[in-house]
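Comments concern the structure below.
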């Protein structure tokens, strides 16, 4: 499982919403573990989206310099 920094950095490099599967593949992590991390980060306001429409890093998090 990728750590949260790797997950947020991977999202920060994307210009469009990315699917859970694509993100998990990029991170060489399981889809289930990636979805759990994304859901936790969504609750914290660091990412937005869902597994159907894709995920984006929030403007607040993207501008913080990770």
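Residue numbers (my numbering): 681 to 746.
Note that CB positions come from ideal geometry on N, CA and C, so glycine has one too.
Nothing here was measured: the structure is a model prediction, and the numbers come from that model.
Discussion item. Rounding to the nearest angstrom, what Cα-Cα distance links residue 688 and residue 715 in this structure?
Written reply: 13 Å
Worksheet entry | Neighbourhood of residue 734 by C-beta, 6 Å cutoff - its chain only, sequence neighbours within 5 removed | 697, 698, 699
Discussion item. By DSSP's criteria, residue 730 is part of a beta bridge. Which residues make up the other side?
Written reply: 734
Item to complete: Work out the CA separation of residue 739 and residue 710 for me, nearest whole Å.
Response: 26 Å
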